[in-house]
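J.: Take this structure first; my questions come after.
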């Protein structure tokens with residue numbers, strides 16, 4: 018078990034992902050809903066950075082390490098496989114949104130209206146991956 022200061026790294030990753038969720042909610046409620054797009058974008062860019070770090074440094078290496086074991090018994094590991102697939106989809110959609118808004122200067126209302134369904138799809142897939150990740154965390158680190 019990999020540890021940092023005597024605490025499993027997965028605990029730190031879970032705390033960071035909860036912070037990501039809180040920042041997403043704050044960015045949505047106090048940013049997008051109140052039309053403070055500057056706050057919304059700061060929240061989203063912070064979330065994208067933290068999430069890419071946790072995914073790149075912790076989640077991807079763990080998933081690759083467990084890949085053969087998961088595929089050897091997919092029925093037993095269905096939640097982990099679904100978590101990984103949905104998480105990859107959420108990350109891809111999130112990166113697409115970040116790139117769209119980095120490339121376009123200003124904040125044209127037409128672009129906001131066009132990308133809104135993609136934003137909801139992205140947050141929906143991310144929440145599904147988050148819930149499955151918490152489930153996996155509870156199974157792997159707390160209940161066993």
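Residue numbers (my numbering): 18 to 161. Where a beta carbon is used, it is the ideal one built from N, C-alpha and C, also for glycine. Bear in mind that the values here come from a model prediction, so they are computed numbers and not experimental data.
#1: Please report how far the alpha carbon of residue 24 lies from the alpha carbon of residue 60, in whole angstroms.
#2: Determine the burial state of residue 97: buried for a count of at least 16 other Cβ atoms within 10 Å of its Cβ, exposed for fewer.
#3: Classify residue 24 as helix, strand or coil using the three-state DSSP reduction.
#4: Can you give me the C-alpha to C-alpha distance between residue 49 and residue 78, rounded to a whole angstrom?
#5: Taking the alpha carbon of residue 65 as the point to measure from, which residue in 103, 92, 34 has its own alpha carbon closest?
#6: Can you look up residue 90 in the DSSP assignment and give me helix, strand or coil?
T.: The answer reads as follows:
#1: 28 Å
#2: buried
#3: strand
#4: 34 Å
#5: 34
#6: coil
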